[in-house]
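Quick note on our numbering: the sequence shown kicks off at 15 and runs consecutively.
One structure is given here, and the rest of the page talks about it.
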Amino acid sequence: MTNAAGTPIMVSPQASAPLARVHDWNERRLQELIFDHPTCLPLDQIEPGIGQLVSVCMELPLGIGSADNLFVTPEGNLVLAEVKLWGNPEARRKVVAQALEYATALFKLDYTGLETAVMKGAFNGASHPKSLYSLVDGADSPTESVFADRVTRNLREGRIVVLIVGDEIRPATDELVTGLQAHANFHFTFALVEMPVYSRPGSLDEFVVVPRTLIKTETVPRFTIRTEGGATDVIDLGTDELEAAKPSRRSNISSEDFFEAMVERSQEIPAKLKRFLDEAADIDVRPEYLGMLNLKWDQPEGNPVNLGCISPVSGEIRTHASYWWVARDLADEYNNRLAELFGGKIRNGRTKKDGTPQRWVTRGDGAPFRIEDILDHLSDWITAIETFQDAVRERRQDADR
């Protein structure tokens, strides 16, 4: 199927008329548009739950050149955008490699280096920010130290959204694949955003913007480049691939697959769950995407502890794996605490042959908790994990005395 869109129609009680496409904008004007109005970028289609997008600067100096636009969210997620008018064949060939070179250069910076570069950027007439954090500081924002830690972690791990924004986007699939494979060193999402602009009848300074992410396989809308365990995968997230890669109980999934499944359950899940994962990372708990989302913590000694699993298929939450590598009484305390915080109870399953108990938290009626059941208790889950970590560390210290 070819990706196509019609012309927007202005409708009034008296008449209807198609809007006129604006063809005389240059790249700078499109660059300024997304800087002044970052909500024009359809990030909810590209990275569900990424958070509110805030413009940082234009012309971010990176040593090898200046990136067109940089954005950030209060959660410390970074978005890099390169703007190109697609009538220029030379620009079309170079823009993907250019955007990925900028992303690679960005990953070499630490938080202080990024902030220094930002202060040298352009702000389209706005005053220079006092700091990077000042752009996101608000009632719902994390503290500056937490924000800085999250940005630093994303830079270190190569986690970013890279956008190519144009008036039209029609590159060949092979060209994009070649460009992506040359830079397959980090874990980032790549997306193409088509942003045609239309003029409103009778107005010289009002425009209608119709952004869309190209999601058909033949136009290569998105790739994720993921590095895990020394192996690098370039994953095409076109429509056909997404259909074929829907998560099952037996196959491994990517974070993108997982959050696609969460969006299908509820639009509010991704943002809250990603905020939870950010807070979990602050206490050294990492997500591991296997058949499910697993919450792993590297205890002081021994194997990593699995603090809970969330199924992408059913949304069910299981905590039985928390017994596998720690003392039973500590795992009991953790699960009992979760049951109390979630308003549930403990379900006892069959004991494994090695003596490991099968116990986990359920709802009061014995049915599994699903992720939507505990969205308002995710901060409680963090509290329970911290209490559990303290108990494990204290037990280890006692053993070392």
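Ideal Cβ positions, reconstructed from N, Cα and C, are used throughout, including at glycine.
Where residue 57 is concerned, the enclosing alpha helix (DSSP H) starts and stops at 57-60. Its Cα nearest to that of residue 319, the residue 339 stands out among 305, 339, 75 and 332. In this structure, 309 is the residue among 309, 293, 297 and 37 with its C-alpha nearest to the C-alpha of residue 269. With a contact defined as Cβ atoms closer than 8 Å, residue 38 and residue 160 miss out at about 45 Å. Excluding sequence positions up to five before and after residue 136, its CB lies within less than 8 Å of the CB of 71, 72 and 73, all in the same chain and listed in chain order.
Between residue 178 and residue 98, the CB-CB gap stays under 8 Å. With distances taken between CA atoms, residue 406 lies nearest to 312 out of 352, 392 and 312. Sequence-distant partners of residue 56 (beyond 5 residues in either direction) whose C-beta falls short of 8 Å from its own C-beta, in its chain, are 207, 225, 226 and 227.
When rounded, the separation of the alpha-carbon atoms in residue 79 and residue 158 is 29 Å.
It is roughly 41 Å from the alpha-carbon of residue 352 to the alpha-carbon of residue 127. Minimum Cα-Cα distance from residue 94 among the listed residues 87, 81 and 100 corresponds to 81. Under the DSSP definition of a beta bridge, residue 96 partners with 178.
Collapsing the DSSP output to three states places residue 220 in coil. CA-CA distance, residue 343 to residue 276, rounds to 33 Å. Distance between residue 23 and residue 181, taken at the CA atoms: about 19 Å. Put simply, of 394, 330, 360 and 64 the residue whose alpha carbon is nearest the alpha carbon of residue 203 is 64. The way I'd put it, the stretch 317-332 does touch the stretch 368-387; three or more beta-carbon pairs between them come closer than 8 Å.
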